[in-house]
Structures are given as C-alpha cells and as structure tokens.
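Shown next, in structure tokens, is the structure this report addresses.
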Amino acid sequence: MTTHPDPVRIEPVLQPAPDLAPPFSKGGLIEVFRRRYLLKLLVQKEVRSRYQGSLLGVMWSYIQPMVRFCMYYFVIGLVLGLHKSFPNFAIHMFSAIVAMHFFTETFSSGTRSVVKNKSIVRKMPMPREMFPVASVIVSAVNTFPQLAILFVASVVAGWRPDVVGVLAAFLGLAIVTVLGTALALLFAGLNVFFRDFQNIVSTFMVLTTWIVPMIYPFEKVATSGLGHNHVFYSIYMSDPLTIAVVLMQRAFWIPTALGKDGFPDQLGDVGFPYLPHNYMELGLLMLGVSCIILVLCQMVFRRLEGKFAERL
Amino acid sequence: MTVSVQVEHATKQFTLRYHRTIKQITIAAMRRQKISDTFKAVDDVSFTVQQGESIGLMGLNGSGKSTLLKLVSGVMKPDSGSVLTRGRIAGLIATGAGFHPQLSGRDNVYLNAAILGMTEAETKRKFDQIVDFADIGRFLDTPVGHYSSGMFSRLGFAVAVHTESDIFLVDEVLAVGDKPFKRKCMARMQEIRDEGRTMLYVSHAAASVRQMCDRVLVLEKGVLGFDGPVDEGIRYLHYDDADTDEKPTDVVDDTEDEVLGADV
Ligand SMILES: Nc1ncnc2c1ncn2[C@@H]1O[C@H](COP(=O)(O)OP(=O)(O)OP(=O)(O)O)[C@@H](O)[C@H]1O
Ligand SMILES: [Mg+2]
Chain A
-13 MTTHPDPVRI EPVLQPAPDL APPFSKGGLI EVFRRRYLLK LLVQKEVRSR YQGSLLGVMW
47 SYIQPMVRFC MYYFVIGLVL GLHKSFPNFA IHMFSAIVAM HFFTETFSSG TRSVVKNKSI
107 VRKMPMPREM FPVASVIVSA VNTFPQLAIL FVASVVAGWR PDVVGVLAAF LGLAIVTVLG
167 TALALLFAGL NVFFRDFQNI VSTFMVLTTW IVPMIYPFEK VATSGLGHNH VFYSIYMSDP
227 LTIAVVLMQR AFWIPTALGK DGFPDQLGDV GFPYLPHNYM ELGLLMLGVS CIILVLCQMV
287 FRRLEGKFAE RL
Chain B
1220 MTVSVQVEHA TKQFTLRYHR TIKQITIAAM RRQKISDTFK AVDDVSFTVQ QGESIGLMGL
1280 NGSGKSTLLK LVSGVMKPDS GSVLTRGRIA GLIATGAGFH PQLSGRDNVY LNAAILGMTE
1340 AETKRKFDQI VDFADIGRFL DTPVGHYSSG MFSRLGFAVA VHTESDIFLV DEVLAVGDKP
1400 FKRKCMARMQ EIRDEGRTML YVSHAAASVR QMCDRVLVLE KGVLGFDGPV DEGIRYLHYD
1460 DADTDEKPTD VVDDTEDEVL GADV
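Taken in sequence, the protein lines are chains A and B.
The opening position of the first sequence corresponds to residue -13 in the numbering used here, with each subsequent residue numbered one higher.
The opening position of the second sequence corresponds to residue 1220 in the numbering used here, with each subsequent residue numbered one higher.
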C-alpha cells in the first residue's frame, strides 16, 4: 500500500513493478479468502437486505423457528401422542431440522447466487466463487437462531453437554457445511447455463425431509425389515446427510432421552440400534468424502466460470 | 519503457443460440434449421500498449470494442491467443454495476469499491473525495434505489475514478450525466492520463478521442483494421467529416460541446 502525501493525487500502485499476467481471475476458494473483506461486505449486504424495512428485524429469525418448534411439540408430540413411545420427539426432529435447513438453504441460495448477481458477474472481474461462498455464510447466519433455540429447548429437557456429543455436533455441522458448499458451487455454475438446475434443486428439497431420520428415529430404520436388507442399509448409510443428522441427534437428543421408554440410563450404553455402529468414525469418513466432493466441484466450477460472462 | 497490455492473436468466439428449450431445439432439428451459430467478436487481434500510453479504441457498433475491453479487464477469457496485463485494472466499464438498490449510497460505495479491489483502509481514505466528486448531498444515506438515474451513475463514476490502478479502461456512455458533471469527468480522466496510467478509451466521439488519446485502434467486425496516430485513425473511420454532418443544428458549435458529445 502506498501512502500519499497529497491526498488528491492518485499514484499508480506500480512499484515494485508486477509481472505481466493474464487478467482473468485465478479464482479458487483460496482467492476468495484472500479477498475476505469483499466477502464480508457481500454477506452483510445479504443479511441486511433480508430485514430491510422491518421493525422487529433480526427478531424474526428467532420467532419463526420458535413457533415451528412449539408446533412440533404440541401437535405431533402431544396431540398425536408420539411422546409416549418416542421421548422428546420435538428435540429429535429439531436437531435434524437445524442441519437440514442449513443444508437446503445453502444449496438453494447458492445455486441461485451467480445468476442473481449477474450484473456484477457480467462486467466485473473477480473470483466468482465469492457468490456461492457468501450464500453459505449467509445461510449459516440464518441458521444460527435455530441452533440457539435447539440449545435452549434441549437444556430445558435436561440436556447436559458431554465431550463426544459436542464433537459430534461440530462434526455433523462440518459435513453439512462442506457438502453444501460443494453442491452450491457446482449448481451455481450449471445454473448459469440452464436455469433448469434451480428447479432440480427445489425438487430435491422435497425429498430431504424423508431421506434422513427426521420424523422417524434411526432405530426404526435399523430394526425394520428394510434395515436388515444389507444393500438398502448401505445405501441409506452412505448419505453424508444421514450421518450428519444422526450426529446432531447424538449431540442434542440422545442425552435428553436417557432412561425414558426403554432407553439405556447411561450415555455410554447407547449404541446400536439407537445409533449406527462407529458413528464418529463414520462421521470423519463422510467429512473426508465431502472434502473430496468439494475439490471436484470446485474444479468443475473453474471450467464453467470461463463462460459465465457471455452466457448470463 | 514497460509493456502494460500485451494482446497476441486474441480471439473471442460467441455462440448465437436461436433456440433455447428442448421443444424448440427438437422442432428446429427436424426442420434441419440451425440450432446455433458461432462468430468471432474479436478475431486474431494483436497489439501492445506501453505503460502511460493512452489508446483510443474506435469502431462501429458491434465491432467488438466492449468485448476486447472485457478480455483486457479479465471478465472474459480469450478462446485462443493471449492477453497479458501488468498491475491493477480499474475503469468506467460498469459503473454502479454492483449497486444494491436497498442499501444506502454510503454502503454501496464501500461495496462497490471492494468489488473494484480496494481495501477497507483505501476506501476510508478516499471516501470524502468520492462523496465530493459524486456531489449528491444528503441523499448519500438514502437507498440507492430511490436515486435518479443521473445520481446513480454519478456515484458509480465517483467510485470508479478514485480506484487506484495501473490500467484504466473507459467504455461508458455518460448520457445521463448533466453537463457540469460531464466536464468534471473529462477533467478527471485527463488527470488520470497525466498521472502516467495506461488508458484504453472507447468512444465514438472523434473530438474527445483527439483530446484524450495519442494512438488509435480501429476494430472492423472484430478484426483490427488500423493501429496508428489519432488523426489518421479518425480519417480511416471517416469520422472526421461525419462528425460535423451528424451534429444536431441547435448545439452550439464549440469544441467543448464536441468533446462532451453524447458519448464521452
Ligand atoms: N454474450 C454474448 N453472446 C453472444 N454475442 C455477443 C455477446 N456479447 C456481445 N456479443 C456480440 O458481439 C459483437 C460485438 O459486441 P461488442 O459489445 O463488443 O460491440 P461494441 O464494439 O462494443 O459495440 P458498441 O459500439 O455498440 O458498444 C456484437 O455483434 C454482439 O452482438
Ligand atoms: Mg460497446
């Protein structure tokens, strides 16, 4: 950075002379974090515009999940009577929802992010990964209130933190973050060429409630006839989202269910079929797989990026 | 002398898509119509610009001037050939492109400056100059969405001309700016040129090219047709005589008006 004795004049930032280089952004996620000041402003822009012109502002992002949580608790838990056979159903469901909501919001807003910012993409040179990454961060900001409500509800239901549980929560959220970023990048790139992709994404969203143990417990899958089918079980368990959700439930729901309705009394005794075998190792494996997917998606994005400006 | 921009055999090809949906494509294929077509918007263009040179880029509509500037600015990649630049690039290419209508002018200045590559400290240091230049008074803290189109582009211009850079690209019609503002912009651009920055200047106004540039490139359907002195280039394009013919009669005939012509 040069300092100017005379503020009116703008000195070219020439010294020391940089080399001749192609002007097209070298891009990559590294470049995004090198320009994190811009990233910060893009995130701020999104977050602020979401609550523009509203009196309660950020309060709304707490009110909505709270209402949702109360509905699960009263309608499904008490009216349908699931609480009798299924301890703390609402917490079970909500710990899955936090992870899945973060994922779906990342995926769908990330997919739209490049097209949405086409006025910039078409005319300004910058690492285009910036937009999907910004929408991942915005989704994280929007998901935080849900996590806070889950935390409070769990404490009320008798939750106390344990080391493995806290690690499981971080691992689960890490899987969702990495996988969400990967898919956001891939689909943001594809969506520039064919807007069909944003519809594919919203169709996929319909499935997400059902393919993970959200409204049914993992135990049901493990002990049902389908669960005994080796092929089905392997497919079910190779979904990183399932593992992420199970880890979240291990962190928040299992500790509150101890000793109720046939659950073991001690955390150490909770194993299969309440949880998959070796769930922590499985989580680490899924995180590794998600990282590989991220690298591949980033490579595809780089290939597609070359034509963004002309196709938008 | 250091080379600032080096373009070698750069070619940019665009695809014209006549049909977009599967239904349309199928019907067109059955009728043996063309589904898409490619053409070269920039065709094997080579030139070198030295640091501090000021180049006028001229040509008829659709001849590929904006596309060439996009290759130089790094918005697009050439399909073949190479484009190399030295140092930071800024310019009046898409002033206000990153503006968000719901944010205030102040927030947009910071955001736009960051998109152009300024750091936070740099923006803070330049902020007062930018606001002075845009001169939009107390509207600075109201949402940009409520600005008049002139105010919008003034703010965009103000940020762009205060970005530090080694290469400055100009491809913008100042049509919405009022006359005092146009005059201020021309003065500022001359200042930028005199600072020894490299300048690539797209314009249809022969008078302003004469005033700003020391060399002219003329593009003809994507091909570089002329590279040389300003007056010869303008004659090559037959803009020297057309200039007086096409001017509306009610415009006062002084050189300044020519320079400030619709497309600065
Ligand atoms: N994204 C795109 N896809 C397809 N064709 C394009 C695209 N962008 C530009 N073109 C075409 O490339 C040609 C050159 O366009 P360009 O904008 O570079 O012209 P120009 O010289 O800047 O013209 P003007 O004087 O009107 O500004 C035009 O025929 C235009 O239609
Ligand atoms: Mg143009």
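The beta-carbon is built from N, C-alpha and C at its ideal position, and this holds for glycine as well.
In the DSSP assignment, B/GLN1232 falls within the beta strand (DSSP E) that extends over 1222 to 1236.
In this chain, the alpha helix (DSSP H) harbouring B/THR1286 covers 1284 to 1292. The distance from the Cβ of A/MET234 to that of A/ALA134 is about 14 Å, inconsistent with a contact at the 8 Å cut-off. Those residues of the region 1228 to 1262 of chain B placed with their C-beta closer than 7 Å to a C-beta in chain A are PHE1233, ordered along the chain. Taking a Cβ-Cβ cut-off of 7 Å, the neighbours of B/SER1292 in chain A comprise PRO9, PRO111, given in sequence order. Proximity to ligand 2 was defined by a C-beta distance below 7 Å to any of its heavy atoms, and the residues meeting it, in sequence along the chain, are B/LYS1284, B/SER1285, B/ASP1390, B/VAL1421. Remark: C-beta atoms of A/TYR58 and A/PRO131 do not approach each other more closely than 9 Å.
Taking C-beta separations shorter than 7 Å and ignoring five residues to either side along the sequence, the partners of B/ALA1377 in its chain run ILE1349, PHE1352, ALA1353, following chain order.
B/VAL1363 has a beta carbon lying at 9 Å or more from every beta carbon in chain A.
For the region 1305 to 1318 of chain B, the beta-carbon criterion of a distance under 7 Å to any beta-carbon of chain A is satisfied by ARG1305, GLY1306, ARG1307, ILE1308, ILE1312, ALA1313, ALA1316, GLY1317. Residue pairing from DSSP places B/MET1277 in a beta bridge opposite B/VAL1437. The region 179 to 191 of chain A makes contact with the region 89 to 103 of chain A: 3 or more CB pairs, one atom from each, lie closer than 8 Å. Within the DSSP bridge table, the entry for B/ILE1334 names no partner. A/ALA170 is classed as buried because its beta carbon has at least 16 other beta carbons within 10 Å across all chains shown. Secondary structure at B/ARG1239: coil, using DSSP grouped into helix, strand and coil. Residue state for B/LYS1259 is assigned as strand, using DSSP reduced to three classes. Neighbours of A/GLU296 in chain B, taken as residues at a C-beta separation under 7 Å, are given in chain order as PHE1233, MET1295. Within its own chain, the residues whose Cβ lies closer than 7 Å to the Cβ of A/SER125, once the five positions on either side in sequence are excluded, are PHE88, GLU91, THR92, SER95, listed in chain order. With distances taken between CA atoms, B/LYS1296 lies nearest to B/VAL1261 out of B/GLY1452, B/VAL1261, B/TYR1237. Using a Cβ distance threshold of 9 Å, A/SER140 and A/TRP239 count as a contacting pair. By the CB criterion at 9 Å, A/ARG108 and A/PHE287 fall outside the cutoff. The closest heavy atom of ligand 1 lies less than 8 Å from the beta carbon of B/HIS1423.
In the displayed model, A/LEU169 falls within a helix according to three-state DSSP.
Of all residues in the region 1317 to 1339 of chain B, those with a C-beta nearer than 7 Å to a C-beta of chain A are GLY1317, HIS1319, GLN1321, LEU1322, TYR1329, LEU1330, ALA1333, ILE1334, THR1338, GLU1339, reading in chain order. At least one CB atom of chain B sits nearer than 9 Å to the CB of A/LYS31.
In this structure A/THR209 is exposed. Its beta-carbon is surrounded by fewer than 16 other beta-carbon atoms within 10 angstroms.
Contact annotation: B/THR1342 and B/GLY1441 have beta-carbon atoms that are not nearer than 9 Å.
Interface annotation, B/ASP1385: in contact with chain A, CB-CB separation under 9 Å. The region 1326 to 1389 of chain B is shown to contain whole alpha helix (DSSP H) runs of 4 or more residues at 1339 to 1353, 1368 to 1380, in chain order. The nearest non-hydrogen atom of ligand 1 is 8 Å or more from the C-beta of A/LEU290.
Close to B/GLN1225, with beta-carbon spacing below 7 Å, are these residues of chain A in chain order: LEU6. Beta-bridge pairing by DSSP links B/MET1418 to B/SER1273, B/PHE1387. If you ignore the 5 residues before and after A/PHE55, its C-beta comes within less than 7 Å of the C-beta of ALA76, PHE80, ILE135, ALA139, all in its own chain and listed in chain order. Taking the CA atoms as reference points, A/VAL18 sits about 23 Å from B/ASP1385. Three or more Cβ pairs drawn from the region 1221 to 1229 of chain B and the region 1299 to 1310 of chain B lie within less than 8 Å of each other, which places the two stretches in contact.
The shortest CA-to-CA distance from A/LYS102 to any of A/LEU28, A/ALA7, A/VAL232, A/LEU280 is the one to A/LEU28.
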